[in-house]
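Read the structure below first, then the notes.
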Amino acid sequence: QKEVEQNSGPLSVPEGAIASLNCTYSDRGSQSFFWYRQYSGKSPELIMSIYSNGDKEDGRFTAQLNKASQYVSLLIRDSQPSDSATYLCAVGGNAGNMLTFGGGTRLMVKP
Amino acid sequence: ETGVTQSPTHLIKTRGQQVTLRCSSQSGHNTVSWYQQALGQGPQFIFQYYREEENGRGNFPPRFSGLQFPNYSSELNVNALELDDSALYLCASRKSTGGEQYFGPGTRLTVT
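Which chain is which? The protein sequence lines are A and B, in order. First residue of the first sequence: 1, per the working numbering; consecutive thereafter. First residue of the second sequence: 1, per the working numbering; consecutive thereafter.
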């Protein structure tokens, strides 16, 4: 049984701070890793993908992957109230294929 | 917006009935996956279609079935609806060679 674990939160950070979201996964054969943002009542929106160890930066977002530790994280710099949402970690096999999602972490950015 | 569309937006059904949900994939995408998201949980993989054939299935009973059409659009059919089938049903499309999956707006199904 493939598992993806996230702290459900809520994670509360002040506006302008760095938000750090974490995720662990059980399947060592996983090859693709994704972060989705989901606003209440909406569908998940892809914000980052990462496939190899290390960091990947896109604007205010940085995804970090450590396959040895089976750990993936998302950093959000200069957090804004509009970043308040549930962040879903998703793990896939070769070329994405089926995604296994964590339960999500609710992020609250306070003005 | 991703270019993935789903219909209907909302649906209310009675236990025991059957339902069909529809999805049109993003232009250039030939692979469609369906997910079920219960309230407060992450999406769960139902199945995936590529070239009109199911090529992956999650832990869902056979009363969940699907189709993919030559234009890559897809249907999810659920027979003998149960109360626990109440959820947001999400369709995601991707290129066969790419990893990123993009979700449609979802269909909210309520079973009473």
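Beta carbons are placed, not taken as given, at the ideal position from N, Cα and C, and that holds for glycine.
Original post:
Taking just the CA atoms, how far does Pro10 of chain A sit from Val19 of chain B?
Top reply: Taking the first residue of the second sequence as 1, we reach residue 19 of chain B at position 19. Taking the first residue of the first sequence as 1, we reach residue 10 of chain A at position 10. Inter-residue distance for Val19 of chain B and Pro10 of chain A is about 35 Å (C-alpha atoms, whole angstroms).
**OP:** Would you verify that the beta carbon of Ser33 of chain B is, or is not, closer than 9 Å to some beta carbon of chain A?
**Re:** As a working mapping, residue 33 of chain B is identified with position 33 in the second sequence. With 9 Å as the cut-off, Ser33 of chain B counts as an interface residue toward chain A.
**OP:** On the DSSP bridge assignment, give the partners of Ser93 of chain B in chain order.
**Re:** For the purposes of this step, residue 93 of chain B is taken as residue 93 along the second sequence, with counting starting at 1. The partner list for Ser93 of chain B (beta bridge, DSSP) reads B:Val32 and B:Tyr102.
**OP:** Kindly list, in the order they appear in chain A, the residues whose Cβ is closer than 9 Å to that of Pro8 of chain B.
**Re:** Within the second sequence, residue 8 of chain B is the residue found at index 8, counting from 1. Proximity of chain A to Pro8 of chain B at the Cβ level (cut-off 9 Å) is not reached, the minimal Cβ distance being about 14 Å.
**OP:** At 8 Å on the CB atoms, spell out the chain B contacts of Thr100 of chain A, in chain order.
**Re:** Along the first sequence, read from residue 1 onward, the residue named residue 100 of chain A stands at position 100. Near Thr100 of chain A (Cβ distances below 8 Å), the residues of chain B are Phe45.
**OP:** Could you list which residues in chain A have their beta carbon closer than 7 Å to that of Tyr102 of chain B, in chain order?
**Re:** On the second sequence, residue 102 of chain B is found 102 positions in, with the first residue counted as 1. Near Tyr102 of chain B (Cβ distances below 7 Å), the residues of chain A are Leu46.
Subject >> Own chain partners of Ala85 of chain A with C-beta closer than 7 Å, once the 5 adjacent residues on each side are dropped >> reply: As a first step, residue 85 of chain A is located in the first sequence; it is residue number 85 there, counting from the start. Correct list, in chain order: Arg37, Gln38, Tyr39 and Leu107.
**OP:** Quick one: grab the DSSP three-state call for Ser49 of chain A.
**Re:** Mapped onto the first sequence, residue 49 of chain A falls at position 49. Three-state DSSP puts Ser49 of chain A in a strand.
Subject >> Helix, strand or coil at Asp84 of chain B [DSSP, three-state] >> reply: Counting from 1 along the second sequence, the entry for residue 84 of chain B is found at position 84. Of the three classes helix, strand and coil, the one that applies to Asp84 of chain B here is helix, per DSSP.
Subject >> Cβ neighbours of Glu100 of chain B in the same chain (closer than 7 Å, five flanking residues each side left out) >> reply: Here residue 100 of chain B corresponds to residue number 100 of the second sequence, with the count starting at 1. Here the set comprises Arg94.
Original post:
For the beta strand (DSSP E) that Tyr50 of chain B lies in, which residues bound it at each end?
Top reply: Locating residue 50 of chain B in the second sequence gives position 50, counting from the first residue. For Tyr50 of chain B, the uninterrupted beta strand (DSSP E) segment begins and ends at Gln44 to Tyr50.
**OP:** With distances taken Cα to Cα, identify the nearest neighbour of Ile50 of chain A among A:Gln1, A:Gly16 and A:Asp58.
**Re:** Within the first sequence, the letter at position 50 stands for residue 50 of chain A. Cα-wise, what sits closest to Ile50 of chain A is A:Asp58.
Subject >> Spatial neighbours of Pro43 of chain B in its chain, beta-carbon cut-off 6 Å, leaving aside the 5 residues before and after >> reply: What you label residue 43 of chain B is simply residue 43 of the second sequence in a count that begins at 1. By the criterion of a C-beta distance shorter than 6 Å, Pro43 of chain B is surrounded in its chain by Tyr35, Gln37 and Leu90, once the five residues flanking it on both sides are discounted.
Subject >> Any chain A beta carbon closer than 9 Å to Ala92 of chain B >> reply: Position 92 of the second sequence, counted from the start, is the residue given in the question as residue 92 of chain B. Chain A, which has a Cβ nearer than 9 Å to the Cβ of Ala92 of chain B, makes this yes.
**OP:** Please check if any C-beta of chain B sits within less than 9 Å of the C-beta of Tyr39 of chain A.
**Re:** Here the question's residue 39 of chain A lines up with position 39 in the first sequence. Tyr39 of chain A does not count as touching chain B.
Original post:
How is the beta strand (DSSP E) around Thr5 of chain B delimited, first residue to last?
Top reply: Position 5 of the second sequence, counted from the start, is the residue given in the question as residue 5 of chain B. Run containing Thr5 of chain B: Thr5 to Ser7, per the beta strand (DSSP E) assignment.
Original post:
So which residues on chain B does Gly103 of chain A lean against when the C-beta distance must stay under 7 Å?
Top reply: Taking the first sequence and counting its residues from 1, one reaches residue 103 of chain A at position 103. Under the 7 Å cutoff, chain B gives Gln41 and Gly42.
**OP:** Drop a sphere of 10 angstroms on the beta-carbon of Asn66 of chain A, count the other beta-carbons inside from all chains shown, and report buried for 16 or more, exposed for fewer.
**Re:** Position 66 of the first sequence holds residue 66 of chain A. By the neighbour-count rule (16 or more Cβ atoms within 10 Å), Asn66 of chain A is not buried but exposed.
**OP:** Mind listing, in chain order, the continuous beta strand (DSSP E) runs of no fewer than 3 residues lying wholly within the region 75 to 106 of chain A?
**Re:** As summarised for the region 75 to 106 of chain A, the continuous beta strand (DSSP E) elements at least 3 residues long and confined to that stretch are 85 to 93 and 96 to 101, given in chain order.
**OP:** Find the nearest neighbour of Arg51 of chain B within the set B:Ser25, B:Phe45, B:Val4 and B:Ser86, judged by alpha-carbon distance.
**Re:** By one-based count along the second sequence, residue 51 of chain B stands at place 51. If we check each option's Cα against that of Arg51 of chain B, B:Ser25 comes out closest.
Original post:
Going by beta carbon distance, what residues of the same chain come within less than 7 Å of Pro81 of chain A, once the five residues before and after it are set aside?
Top reply: For the purposes of this step, residue 81 of chain A is taken as the residue at position 81 of the first sequence. Non-local C-beta neighbours of Pro81 of chain A in its own chain, meaning closer than 7 Å and more than five positions away in sequence, comprise Glu15, Val109 and Pro111, ordered along the chain.
Subject >> Short CB-CB distance (under 9 Å) between Thr2 of chain B and chain A >> reply: Indexing the second sequence from 1 puts residue 2 of chain B at position 2. Taking 9 Å as the CB threshold, Thr2 of chain B lines the interface with chain A.
Original post:
Beta-carbon of Gly121 of chain B versus every beta-carbon of chain A: anything under 9 Å?
Top reply: A question about residue 121 of chain B goes unanswered here, because the residues of chain B that appear run from 1 up to 112.
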